[in-house]
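Asker:
In full-length UniProt numbering, the protein residues as written are 1 to 76.
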């Protein structure tokens, strides 16, 4: 997430909108304090949110099926 002061946001608003359309979130600050956040209208998928955390592709395998285990009865 990029942080941009108000004066810079005013001067480069069109460029900031292009970055937001590309999926970036931008926080606008006044005197060092966050006052607004620019984000895409379309919600991000979980994969898009977590993608920066992955340095390598994940190789995930499903666990092997096991036989069902009996469940103890409940006494209400």
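We treat Cβ as the ideally placed atom computed from N, Cα and C, and that holds for glycine.
1. Does DSSP classify residue 35 as helix, strand or coil?
2. Counting pairs of Cβ atoms below 8 Å between the stretch 18-27 and the stretch 38-57, do you hit three or more?
3. DSSP puts residue 30 in a beta bridge; with which residues?
4. What separation, rounded to the nearest whole angstrom, lies between the Cα atoms of residue 5 and residue 15?
Answerer: Straight from the coordinates:
1. strand
2. yes
3. 33
4. 14 Å
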